[in-house]
Amino acid sequence: MRKVLLALTASAAMLVATGAMAQDKTKACFIYVGPIGDFGWSYQHHQGALEMQEKLGGEDKVEIAYLESVPEGADAERAIERFARSGCDIVFTTSFGYMDATNKVAGKFADVKFEHATGFKREHPNVATYNSKFHEGRYVQGVIAASLSKKGVAGYIASFPIPEVVMGINAFVLGAQSVNPDFKVKVVWANTWFDPGKEADAAKVLIDQGVDIVTQHTDSTAPMQVAAERGIKAFGQASDMIKFGPETQLTSIIDDWGPYYIERVKAVMDGTWEQHDVWHGMAEGHVVMAPYTNMPDEVKKAAEDTEAKIKSGAFDPFTGPIMKQDGSEWLKEGEVAEEGVLLGMNFYVKGVDDKLPQ
Amino acid sequence: MGIAEAILLTIATAATPLLLAAIGELVVERSGVLNLGVEGMMLMGAVAGFGMALTTGQPWLGILAGALAGTLFSLLFGFLALTLVTNQVATGLALTLLGIGLSGMIGEAFVGQPGVKLGALDIPVLSELPLVGRLLFGQDPMFYISLLLTGGVMWFLFRTRAGLTLRSVGDSHSSAHALGIKVVAIRYLAVMFGGACAGLAGAQLSLVYTTQWIENMTAGRGWIALALVVFASWRPWRVLAGAYLFGAITIAQLHIQATNLSDLASWPAPVHWLAELVKSIPSQFLSALPYLATVVVLVLISRNRRLTMMNTPASLGRPFVPDR
């Protein structure tokens, strides 16, 4: 109820604030799942938006509007529709859960361009999807974790069982197995993208159960701080969290959305925007690894080598032979996973000791 | 430190902000005022506490600043709802919305900065007792403050004349007024106490629970505290029970998730079957379990309708104008 009210009030306020603006400049609108101050996922999207505005001529050329903490589901549709009505030329919806809402609204507003992050549905010609190959970074993290962990078990704080997150867990485990075939991972589903307290609880629970490395696919810096307090190592998420664990962070997967937002808003200005589906990774600079810290040189080297291999295109984390969790074959020797399968990934690879919530 | 002790400590940290916020709101509601602004006041406390601790380096000053910020913010509610006699529900909601926005604005400079942690006490010898040592003698000060406040509120409400007066204001403000009791003044004090407690709860979040400031970091805890007060039928000890039950189930479900079946390989078969059964419950359901279980348990212990009616402040949420 609170979130409904919040979203309603927020979107109403936004409407008032932006409705009266003139139409001669391009208006790019963003829907965020968390607050822009989360220092994680939404923060990075907003940084990308600001960079785009600056690079494309500042406030005179591009107007930015955004809504924070928009719940996934029915409220999202209302928020997106308000944006579409309020004169946005392009609307970026930046969370998986906005997928159906984005497509539904896009059907009603053919003149407005919609860009949905991390999804796979493009039901109308004015919907594009974009994503980054975060799993490339997760594979590198797996390599590091297995090289460093003394106990051979890492804790994984996951958000929701959606393909992007499942893919991340699989890539992490595959990376770890490439170093230590018996490496274990304990997965905890927080069922939230953003709740610092709960994320901290999850980290404490995992550490109490004996993991000596923590990685997270939730958005706050809380797990990093808990790991620092307890004296173990951890990986950051979405942004460089080194300040929260100067002696704790091994590396962090940094999402750099700036280049993409510049490209797409520019396309709207030039009238060259077209529907597409992009999935860029390390090679295109959309996924950046924070400096490798707090690890011995040989582990750092292994990480850098793995990163270089992925970046050059010589290696894909999902290269066979890979078996599914139940032991059945998924990829043959040398076979590389199709992107379509990855983007709808709903199964674990062998070695993940967790039941995937469906 | 054994795992059982670790679990208890984690539960206590998770339950403390809920208890702090709820015990404050309980006093407010006992005086007949419904302040739905708990979440907003908590956030103001969290940001003020974090900012003060960060700039001075003194976590204790941060705690004080948190309580003060919550109190000042609650005065805004008091002025609107008690002096101007606005609708309490709408005013409380507005306070929450304002608190979310205002704290985000004030805290913009604090985002991405590691804060100062209010350290745990460490009473020598006693804190090394097995199992309960750390729990009773080695926790952060906010844990003790929350328990003292609960005990204090219990004593105040039911053992003192002032407490009786406060409850009478909550039950029938016109009768209390006719007896010459200063209804509005008492309600102001109650609202300020609630604000201070919510501020403390927020400061606990940003100085103990997680040492950081992030926008909206309460993530709905203010609303859980509000619900606890109602489901605890305005009895302090039930608020305590509810807060700890909520914390316990939150942590327990995380532990269930983190335990892999292979961890239990050396255990006897029945344990294994049981674990398999428990692990087959979807994590989404486990995540919802704290809410569900707390509601069910508190509903069960407040089954006696007559007693519940007796506990409900009869004037709750009703506007009061002295000369009417």
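As given, the protein sequences belong to chains A and B, one line each in that order.
To convert a position in the first sequence, counted from 1, into the numbering used here, add 662.
To convert a position in the second sequence, counted from 1, into the numbering used here, add 86.
No residue lacks a Cβ here, since even glycine has one placed at the ideal position from N, Cα and C.
- CA-to-CA, the gap between residue 122(B) and residue 179(B) works out to about 6 angstroms.
- For residue 731(A), a Cβ of chain B is located within less than 8 angstroms of the residue's own Cβ.
- Per DSSP, the continuous alpha helix (DSSP H) segment holding residue 932(A) begins and ends at 920–932.
- Here residue 371(B) is exposed, its C-beta having fewer than 16 other C-beta atoms within 10 Å.
- Using a Cβ-Cβ cut-off of 7 angstroms, residue 365(B) is close to 1017 of chain A, given in chain order.
- Put simply, the CB of residue 343(B) is near chain A, with a gap under 8 angstroms to one of its CB atoms.
- For the stretch 862–873 of chain A, residues whose beta-carbon sits nearer than 9 angstroms to a beta-carbon of chain B comprise 862, 863, 864, 866, 867, 868, 869, 870, 871, 872, 873.
- In the three-state scheme derived from DSSP, where H, G and I count as helix and E and B as strand, residue 1000(A) is classed as coil.
- With respect to residue 700(A), residue 186(B) sits apart: the two C-beta atoms are not nearer than 8 angstroms.
- Here the alpha carbons of residue 756(A) and residue 324(B) stand approximately 42 angstroms from one another.
- According to the DSSP assignment, residue 283(B) belongs to the alpha helix (DSSP H) that extends over 269–290.
- Per DSSP, residue 898(A) is one residue of the beta strand (DSSP E) stretching across 895–900.
- DSSP places residue 865(A) inside the alpha helix (DSSP H), whose first and last residues are 858–870.
- Around the beta carbon of residue 938(A), a 10 Å sphere encloses fewer than 16 other beta carbons of the protein chains shown; the residue is thus reported as exposed.
- One thing to note: residue 134(B) has its Cβ no nearer than 8 angstroms to the Cβ of residue 201(B).
- A direct Cα-to-Cα measurement between residue 208(B) and residue 868(A) gives close to 24 angstroms.
- When the five nearest sequence neighbours on each side are left out, the beta carbons in the same chain lying within less than 6 angstroms of the beta carbon of residue 783(A) are those of 761, 765, in order along the chain.
- Residue environment analysis places residue 859(A) among the buried positions, since at least 16 neighbouring C-beta atoms fall within 10 angstroms of its C-beta.
- In this structure residue 335(B) is in contact with residue 379(B), their Cβ atoms being roughly 5 angstroms apart against a cut-off of 8 angstroms.
- Within chain B, 198, 200, 296, 298, 300 have C-beta atoms less than 9 angstroms from the C-beta of residue 883(A), given in sequence order.
- Within chain B, the residues whose beta carbon sits less than 7 angstroms from that of residue 850(A) are 340, 343, 344, listed in sequence order.
- For the C-beta of residue 906(A), the chain B residues within less than 8 angstroms are, from N- to C-terminus, 200, 298.
- With a threshold of 8 angstroms between beta carbons, residue 190(B) makes contact with chain A.
- Beta-bridge pairing by DSSP links residue 792(A) to 779(A), 940(A).
- One Cα belongs to residue 318(B), the other to residue 128(B), and the distance between them is close to 20 angstroms.
- DSSP links residue 726(A) through a beta bridge to 690(A).
- Look at the stretch 98–112 of chain B: the residues with a C-beta under 9 angstroms from a C-beta of chain A are 99, 100, 103.
- In summary, residue 253(B) is buried, with 16 or more beta-carbon neighbours lying within 10 Å of its beta-carbon over all protein chains present.
- Within chain A, the residues whose beta carbon sits less than 9 angstroms from that of residue 291(B) are 858, 859, listed in sequence order.
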